[in-house]
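Asker: Have a look at this one.
Numbering (the UniProt record's numbering), first residue to last: 1 to 441.
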């Protein structure tokens, strides 16, 4: 692969918006915000109004893999957590308590109707559109939430837990990350003066060439013994002119939104889809007709996936194992020959990340819960809470649901990150042992 020039234009991205005068139209923010507001209805389009019964929701929860599921209810504007029996459910990486916190924060900001929330908390979506409970063909697919979905799945994507920070990967909360990148602070994206490119994929970033000078440790970086050799923190990836994304489980697991905020050119290497979804854009970067559409390039994607328009905010390079180097070389030669195109892609990607502000994330979460409520019958959430022996979760008793093994991380890392929100939250001891029922696992 040929050497790439140093990314001198990256510094300019944070000082001025691209304009039509220099051949680069800024991101259409109005269209983007309209698309964000359409996402809840888009993801709930498979279920008619008031078509989902309490039995359907219980069967939905039962259909989820036991080691990768959890459940919540909102009843009367309050959050409830069922007395789930230990070893019948569980979410890795503290996803349950972080989701509970996200739901509490959402309920403080937006009205949410009664809704039952069964969650597939694994990395991949788990509900194919063709799935029917009990073999019945007169029902829609199971109405389950997840972190990812796809054009072939019915999973309703929730905002993933990295919006609230992921310490073992040295990822700060989303607002802090945006402030340090889009805001031009000293965190990830500062400088942006390294030549070459960085690669990300499978959850691990690795530099393709050494950056100019070592990246200093950011204020969020914590010692961690589980990171593999060659781990490249996000703030160091932001020093590269190009960031290459290799195929992985999903775009959010590779921290695509975080890297869009860097102001680098994000290049996604993936398989050529067999066909473009019906109604999708006919040309790269064109607005899809008929509202938001599943993204063309990604097999699995998070809730913001339909906003990722190839050729507008990132570059998609379809490739196979036999021609990936050739296709990537052609793409990089094209970017080097027309640097204004790379500058435009990087700027619009950064602008898209900025549009995904945390207030809009909370607004989306409230919107998708209310859309799900409208598909469920009015008594579904109440019946689920009663049957499950659900207890109310508040900020005052939040830590009584956190198992002992997870409390040190919550207290030492998560709480300081969100200190303002935790000011009135007492650090109560758990009500039972780590193997007791009714705790966030």
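C-beta atoms are modelled at their ideal positions from N, C-alpha and C, and glycine is treated no differently. All of these numbers come straight from a predicted model, not from anything done at the bench.
Just tell me which of 420, 245, 70 and 48 has its CA closest to the CA of residue 58.
Answerer: For residue 58, the nearest C-alpha among the options comes from 70.
Asker: Distance, Cα to Cα, residue 371 vs residue 238?
Answerer: Going from the Cα of residue 371 to the Cα of residue 238 covers about 36 Å.
Asker: Pairing CB atoms from the segment 89 to 102 with CB atoms from the segment 155 to 171, are three or more of them under 8 Å?
Answerer: Contact holds: three or more Cβ-Cβ distances are below 8 Å.
Asker: Taking only three categories from DSSP, how would you classify residue 34?
Answerer: Helix.
Asker: Could you tell me which residues DSSP puts in a beta bridge with residue 149?
Answerer: Paired residues: 301.
Asker: Can you give me the Cβ contacts of residue 270 inside the same chain, cut-off strictly under 6 Å, excluding the 5 residues immediately before and after it?
Answerer: Answer for residue 270: 247 and 297, listed in chain order.
Asker: The beta strand (DSSP E) spanning residue 70 covers which residue range?
Answerer: Unbroken beta strand (DSSP E) run through residue 70: 69 to 75.
Asker: Which residue's Cα is closest to the Cα of residue 107: 362, 267, 410 and 51?
Answerer: Per the Cα distances, 362.
Asker: Measure how close the beta-carbons of residue 403 and residue 439 come, nearest whole angstrom, since I'm counting them as under 8 Å.
Answerer: Right, their Cβ atoms sit about 5 Å apart.
Asker: By Cβ distance, which residues of its chain are closer than 8 Å to residue 426, with the 5 residues on each side in sequence left out?
Answerer: Same-chain partners within the cutoff: 396 and 399.
Asker: Mind checking who residue 116 pairs with in its DSSP beta bridge?
Answerer: Looking at the DSSP assignment, residue 116 forms a beta bridge with 73.
Asker: Can you find the residues in the same chain that come closer than 6 Å, C-beta to C-beta, to residue 381, ignoring five residues on each side of it along the sequence?
Answerer: Closer than 6 Å at the Cβ level, and outside the excluded window around residue 381, lie 73, 75, 114, 115 and 116.
Asker: Residue 92 to residue 441, Cα distance in whole Å?
Answerer: Each residue's alpha carbon lies about 8 Å from the other.
Asker: Using 8 Å for Cβ pairs, my map puts residue 125 next to residue 303. What's the rounded Cβ distance?
Answerer: Not quite, the Cβ-Cβ distance comes to about 12 Å (not below 8 Å), so this is no contact.
Asker: Starting from the Cα of residue 118, find the closest Cα among 83, 244 and 146 and give me that residue.
Answerer: Nearest of 83, 244 and 146 to residue 118, Cα basis: 146.
Asker: Going by the beta-carbon positions, is the gap between residue 140 and residue 51 smaller than 8 Å?
Answerer: Their beta carbons are under 8 Å apart, which means residue 140 touches residue 51 by this criterion.
Asker: Report the option in 180, 61, 96 and 176 whose CA atom is closest to the CA atom of residue 133.
Answerer: Residue 133 has its Cα closest to that of 61, out of 180, 61, 96 and 176.
Asker: Give the straight-line distance between the Cα atoms of residue 78 and residue 245, rounded to the nearest whole angstrom.
Answerer: Between residue 78 and residue 245, the C-alpha separation is close to 40 Å.
Asker: Using 8 Å for Cβ pairs, my map puts residue 299 next to residue 150. What's the rounded Cβ distance?
Answerer: That belief holds up - the Cβ atoms of residue 299 and residue 150 are roughly 6 Å apart, short of 8 Å.
Asker: Just how far apart, CA to CA, sit residue 173 and residue 128?
Answerer: Whole-angstrom Cα-Cα distance: 31 Å.
Asker: Please confirm whether residue 80 and residue 377 have their CB atoms less than 8 Å apart.
Answerer: It is not a contact, given that the beta carbons lie outside the stated cut-off.
Asker: How many angstroms separate the CA atom of residue 152 from the CA atom of residue 301?
Answerer: One C-alpha to the other measures close to 11 Å.
Asker: Mind checking which residues open and close the beta strand (DSSP E) that includes residue 243?
Answerer: Note, residue 243: beta strand (DSSP E), 240 to 245.
Asker: If you follow the beta strand (DSSP E) that residue 315 is in, where does it begin and where does it stop?
Answerer: Run containing residue 315: 315 to 318, per the beta strand (DSSP E) assignment.
Asker: Since residue 266 sits in a beta bridge, which residues does DSSP pair it with?
Answerer: Answer is 243.
Asker: May I have the straight-line CA-CA distance separating residue 349 from residue 260, to the nearest angstrom?
Answerer: If you take the alpha carbons of residue 349 and residue 260, they lie about 5 Å apart.
Asker: What are the boundary residues of the alpha helix (DSSP H) that residue 109 is part of?
Answerer: Looking at the DSSP string, the run of the alpha helix (DSSP H) that includes residue 109 is 95 to 109.
Asker: From residue 340 to residue 328, what distance separates their C-alpha atoms?
Answerer: Approximately 18 Å between the Cα atoms of the pair.
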